[in-house]
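A.B. asks: Taken in order, the sequence shown gives residues -26 to -1, 1 to 794; the numbers are from mature numbering (1 follows the signal peptide of the UniProt record, and there is no 0). Got a structure here, written out as structure tokens. Questions coming.
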Amino acid sequence: MASPAFTSLLPRFGVAAAMVSLLGLAGCQINNHATESLVPASGVQPLKGLAQNVSVRRNIQGMPLIESSSFHDALFTLGYVHAGDRISQMVRLRLLAQGRLAELNGVDALQSDRLMRTVNLKKNADELYKSASPRLKKFFEVYARGVNAYLFRYRDKLPADLAQASYKVEYWKPEDSALIFSLLNFGMSVNLQEELNALALTQKVGTDKLPWLMPTYPNEALPSSEADKLKGLALGSQLQGLSGVSQALEQVKQLSLPGVTASSDWAIGPQRSRSGKSLLANDIHQPIGVPSAWNYVQIRAPKYQAAGATIAGLPTLFAGFNGKVAWGMSMAMGDNQDVFLEKLKRQGSNLYYMANGKWLPATVRNETFFVKGQRPIREVIYETRHGPLLNSTLGSPNALNSSLGLALQTPDLQGDKTLDAFFDLSRAQNSEKASDASREIRAVALNLLYADANHIGWQVTGLYPNRREGLGLFPSPGWDGRYDWEGYADPMLHPYDQDPTQGWLGTANQRTAAYGYGMQLSNSWLSPERSERLAQLAGSGKQDARSMIAMQYDQTTLFAAKLKTMFSAPGMAQPLKQAIAALPAPEQAKAREALGRLMAFDGKLGANSADAAVYELFLQESTRQIFLDELGPENSASWQAFVANSNLSYPAVADHLLGREDSPFWDDSRTTQKEDKPAILARSLAGAISIGDSLMGNDHKAWQWGKLHQYVWRNANGQTVRAPVMAGGDHTTLNTAAYHLAGANFEVTQIPAMRMIIDFGQVEPMMAQNSTGQSSNPASPHYTDGIDPWLKGQYISFPMQPQNFDKTYGKTRLTLVPGK
């Protein structure tokens, strides 16, 4: 029987249990040294820096309850506990953000270090920290002292991956927490990757075809006028180092766990709730891996109590509950950065760039890279009026001897109060105060939802540039002032809503601001099916915690129904039938089988479903049939850019399948005849069965989506920690299990890394789960113990009433006492 600390949803959604493989980082044996790096769960520890005793209790998954008689001591203890659970992760993220990871990992990390030094997150972090209130700075200082108390006490017993790396861990500075926040923000720059990918695609197919590959949303005009600004530029010969920049960015994204990549949040108003009280649900999506970025904590101190999801290194609750107010977040898909193409020329050792008809000297910044096992490397980074040149230290050694460069412009955070606003949000005692705090969050682009027992609200946060011209979807000519920024959108224009008549609010990275809205929020949105399914479920009947869990585990895709509508449309049904009849006889039978199964498919992407396997095989094969002939081969920069973009925003394959009959990509450039949409669809249907046969055998009834689509948890070194586990769902289901569309396989790449539900109708409203474990240390029993509860739909309660603490946290505690 499950522990009473768990709330469980049965059945188990068809997810099979899996065998456990070896834990840990390379060479990390669970030995005495490894276990010595763990902070004990009981006993007494003296710590210099505490004013009074503090109690730390742990629930069944090692999530801490910090009980303190002062908020100062609670923050100090949070730093100590974070370090004890996640010091390896904290150190790596700090080094990554600083552009110093090569000091720990060696030359393999040099590429990402160069990019991070170029982007210069330290500048943003310094602005954020400088703009914070004296109160907030004090909080960060106290938290840092707690981290350093761990580093001092365990200086000779650090986790094995740090101890064996011969790297001397530096003490934590308050500014380091602001740096981790800046890394979190940078991780959400989806359009930065898209802009670089747009250049790679343009080099392959030209500006006329580019808009077909980067649609903005269903039933919207293609961004043709946006592509026009790239016309006439010889990007292939004039622009060097693009592939190096893209590779470095991809490496950074893989290393950087923080980020709110995708995610869903929704709130149910009292009129739609079974109890007559509000509900709020949140799940934050991230790349699958160990450890998860998220780390749950609960704090109880005078004038402050809250529980929620944190990122170790930051004393900030990003999603949580304080007894009165709940809040959660998803990615707003905000486009608040731009890539500018800059005309460059060398004169001796100096670099110049063109601005409004004049050659201006680039600003010079000298950087020294310390690489493990090598001599220091000194390099120069250049900046234009728009920002740092991304190819100044990347790609070809001659990258800046070419006539074009890539400058990155990001918002100026001077005077920004975001760090204070998150703390104010965690202390808000009603929805009105939560609304006030959310409007002050500017440094990060979020769909922030909040609720108290009687009200719900939504606020888009962030800082969005006003562009003179253009959408910011593709890179802009930096020498032409027409595309420059003119300040930022008035925060009063940011989309928001409170207590809507429909009785619910929800976001799933869909378009939240109509085209032509009074500010440029974004032109990069994810597919609408998750938000449409959310509306379908939230808008029907009365809701409670159990229905919230069912929504978070829902594996129904609405795209399947749209596909059936397309197949049966008057202008498609007969031509498709004819196209299938024109195939060779063996292929005809396969195509008819695939079409029949797709037309009968109910859209439920269960791991055991054979029809779900056919459906996903068709999506994958149609992507290749439509685009690979012009964008391939598969190892080319253009195909890799296309695959990446298909996973970053609304994909071209979905856009083509549901429409775009006049697209030039329906013709197969490898043949002499001219194909059309029905011909390519017929090939794709037959190909789906052929590939299924090669992957799962000829017994089509025995096919299962989960045989192709599996969860594999790996650590930071790429070693498998837990696998394989059959998975259902895909990128269009609320229970997200995304894979690389058009990629080499169907392995799950992105999951809900945490889930949280607050039901104000319950005595104890909050329950939550992590996807891996509380600790990043393989020696800990809480390294991967969250995986099974996550698979089974089990949640842990976070009680706010002291009389209920024992049930969740037990009576065993670690007592921290003031040391000398």
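All C-beta atoms, glycine included, are put in the ideal place defined by N, C-alpha and C.
(1) How about residue 26 and residue 792: do their beta carbons lie closer than 8 Å?
(2) Quick one: what's got a C-beta closer than 7 Å to residue 288's C-beta in the same chain, skipping five residues either side?
(3) If you follow the alpha helix (DSSP H) that residue 392 is part of, which residue opens it and which one closes it?
(4) Pull up the distance between the alpha-carbon of residue -20 and that of residue 738, whole angstroms please.
(5) Assign residue 319 to one of three DSSP states: helix, strand, or coil.
(6) Are residue 387 and residue 98 touching if we call contact CB-CB under 8 Å?
(7) On a Cα-Cα basis, can you pick out the residue from 723, 522, 292 that is closest to residue 420?
(8) Using the Cα positions of residue 643 and residue 604, report the straight-line distance between them to the nearest angstrom.
(9) Assuming residue 436 contacts residue 340 (C-beta within less than 8 Å), just tell me the rounded distance between them.
(10) Considering only C-alpha positions, which residue in the set 242, 246, 117 is nearest to residue 290?
(11) Once you ignore the five residues that flank residue 715 on each side, which residues in its own chain have a CB closer than 8 Å to its CB?
(12) Pull up the distance between the alpha-carbon of residue 329 and that of residue 313, whole angstroms please.
(13) Considering only the beta carbon of each residue, do residue 299 and residue 470 sit closer than 8 Å?
(14) Among 245, 558, 572, 304, which has the Cα closest to the Cα of residue 430?
(15) Could you give the distance in angstroms between the alpha-carbon of residue 530 and the alpha-carbon of residue 521?
(16) In terms of residue numbering, what span does the beta strand (DSSP E) encompassing residue 405 cover?
(17) With distances taken Cα to Cα, identify the nearest neighbour of residue 83 among 696, 691, 712, 57.
(18) Along the chain, where does the beta strand (DSSP E) containing residue 283 start, and where does it finish?
(19) If we count Cβ pairs, one from each stretch, closer than 8 Å, do we get three or more for the segment 376 to 391 versus the segment 318 to 325?
(20) State buried or exposed for residue -4, treating a residue as buried only when at least 16 other CB atoms are found within 10 Å of its CB.
(21) Check residue 147 in the structure and name its three-state DSSP category.
(22) Round the Cβ separation of residue 240 and residue 49 to the nearest angstrom and send it over; I've been treating them as touching at under 8 Å.
(23) Going by DSSP, what residue range makes up the beta strand (DSSP E) through residue 459?
(24) For residue 441, collect the residues of the same chain with a Cβ closer than 7 Å to its Cβ; drop the 5 residues on either side in sequence, then sort them by chain order.
(25) Can you list, in chain order, the residues of its chain whose CB lies under 7 Å from that of residue 16, leaving out five sequence neighbours each side?
(26) Out of 366, 532, 759, which one is the CA nearest neighbour of residue 87?
(27) Measure the CB-CB distance between residue 304 and residue 417 and report whether it falls below 8 Å.
(28) Among 536, 568, 636, which residue has its Cα nearest to the Cα of residue 551?
(29) Can you name the start and end residues of the alpha helix (DSSP H) that residue 629 belongs to?
(30) Can you round the beta-carbon distance between residue 294 and residue 286 to whole angstroms, since I take them to be within the 8 Å contact cut?
(31) Does the segment 445 to 457 touch the segment 391 to 411, meaning 3 or more C-beta pairs lie closer than 8 Å?
(32) Taking the beta carbon of residue 583 as the centre, do at least 16 other beta carbons fall within 10 Å, making it buried, or is it exposed?
(33) Under 8 Å, with one C-beta from each stretch per pair, do the segment 55 to 74 and the segment 351 to 364 reach the 3-pair mark?
(34) Considering only DSSP beta bridges, list what residue 640 is partnered with.
(35) Quick one: what's residue 20 bridged to in DSSP?
(36) Cβ of residue 345 within 8 Å of Cβ of residue 179?
C.D. replies: Inspection of the coordinates gives the following:
(1) The residue labelled residue 26 in the question sits at position 52 within the sequence shown. The residue labelled residue 792 in the question sits at position 818 within the sequence shown. Going by C-beta atoms, residue 26 is nearer than 8 Å to residue 792.
(2) The count along the sequence shown starts at 1 and reaches residue 288 at position 314. For residue 288, where only same-chain residues beyond five positions count, the Cβ hits under 7 Å are 151, 154, 155.
(3) By one-based count along the sequence shown, residue 392 stands at place 418. Residues 392 to 401.
(4) Within the sequence shown, the letter at position 7 stands for residue -20. Within the sequence shown, the letter at position 764 stands for residue 738. Residue confidence for residue -20 is low, a pLDDT of 42 falling below 50, so the modelled location carries little weight and cannot support an answer.
(5) Start at 1 with the first residue of the sequence shown, and residue 319 comes out as number 345. Three-state DSSP puts residue 319 in a strand.
(6) For this step, residue 387 is matched to residue 413 along the sequence shown. For this step, residue 98 is matched to residue 124 along the sequence shown. In this structure, residue 98 lies closer than 8 Å to residue 387 by Cβ.
(7) Residue 420 sits at position 446 when you count from the first residue of the sequence shown. Checking every option, the nearest Cα to that of residue 420 belongs to 292.
(8) Numbered from its first residue, the sequence shown carries residue 643 at position 669. Numbered from its first residue, the sequence shown carries residue 604 at position 630. Between residue 643 and residue 604, the C-alpha separation is close to 7 Å.
(9) As a first step, residue 436 must be located in the sequence shown, where it is residue number 462. As a first step, residue 340 must be located in the sequence shown, where it is residue number 366. About 33 Å; that fails the 8 Å criterion.
(10) Looking up residue 290 in the sequence shown gives position 316. For the residues 242, 246, 117, the minimum Cα distance to residue 290 belongs to 117.
(11) Within the sequence shown, the letter at position 741 stands for residue 715. 593, 594, 597, 617, 620, 621, 625, 627, 705, listed in sequence order.
(12) Residue 329 sits at position 355 when you count from the first residue of the sequence shown. Residue 313 sits at position 339 when you count from the first residue of the sequence shown. Distance between the alpha carbons of residue 329 and residue 313: 15 Å.
(13) Here residue 299 refers to the residue found at position 325 when the sequence shown is read from its first residue. Here residue 470 refers to the residue found at position 496 when the sequence shown is read from its first residue. Not a contact, by the Cβ cut-off of 8 Å.
(14) If you number the sequence shown from 1, residue 430 lands on position 456. Of 245, 558, 572, 304, the residue nearest in Cα terms is 245.
(15) Sequence index remark: in the sequence shown, residue 530 carries index 556 (1-based). Sequence index remark: in the sequence shown, residue 521 carries index 547 (1-based). Straight-line Cα distance between these residues: approximately 15 Å.
(16) The residue you call residue 405 lines up with position 431 of the sequence shown. No beta strand (DSSP E) contains residue 405, which is instead part of the alpha helix (DSSP H) from 405 to 412.
(17) As a first step, residue 83 must be located in the sequence shown, where it is residue number 109. Closest option to residue 83, Cα to Cα, is 691.
(18) Here residue 283 refers to the residue found at position 309 of the sequence shown. Start and end: 278 to 284.
(19) yes
(20) By one-based count along the sequence shown, residue -4 stands at place 23. Note on residue -4: pLDDT 32, under 50, position unreliable in the model; the coordinate value appears next. Looking at its Cβ environment, which holds 16 or more other Cβ atoms inside 10 Å, residue -4 is buried.
(21) Within the sequence shown, the letter at position 173 stands for residue 147. Residue state, collapsed to three classes: coil.
(22) Taking the sequence shown and counting its residues from 1, one reaches residue 240 at position 266. Taking the sequence shown and counting its residues from 1, one reaches residue 49 at position 75. Rounded, the Cβ-Cβ distance is 31 Å, inconsistent with contact.
(23) The residue labelled residue 459 in the question sits at position 485 within the sequence shown. Taken as a continuous stretch (DSSP letters only), the beta strand (DSSP E) holding residue 459 covers 459 to 462.
(24) The residue you call residue 441 lines up with position 467 of the sequence shown. Taken in chain order, the residues that qualify are 457, 459, 494.
(25) Position 42 of the sequence shown, counted from the first residue, corresponds to residue 16. The answer, listed in chain order, is 786, 787, 788.
(26) Within the sequence shown, numbered from 1, the residue matching residue 87 stands at position 113. Considering only alpha carbons, the answer is 366.
(27) For this step, residue 304 is matched to residue 330 along the sequence shown. For this step, residue 417 is matched to residue 443 along the sequence shown. Result no, Cβ atoms of residue 304 and residue 417 do not sit closer than 8 Å.
(28) Here residue 551 refers to the residue found at position 577 of the sequence shown. Nearest C-alpha to residue 551: 568.
(29) Numbered from 1 along the sequence shown, position 655 holds the residue referred to as residue 629. Start and end: 626 to 632.
(30) Mapped onto the sequence shown, residue 294 falls at position 320. Mapped onto the sequence shown, residue 286 falls at position 312. Not really, about 15 Å apart at Cβ, beyond 8 Å.
(31) no
(32) To locate residue 583, count along the sequence shown from 1; it is residue 609. Looking at its Cβ environment, which holds 16 or more other Cβ atoms inside 10 Å, residue 583 is buried.
(33) no
(34) Locating residue 640 in the sequence shown gives position 666, counting from the first residue. Partner(s): none; residue 640 has no beta bridge.
(35) Translated into the one-based positions of the sequence shown, residue 20 becomes position 46. 791, per the DSSP bridge assignment.
(36) Locating residue 345 in the sequence shown gives position 371, counting from the first residue. Locating residue 179 in the sequence shown gives position 205, counting from the first residue. Contact: no.
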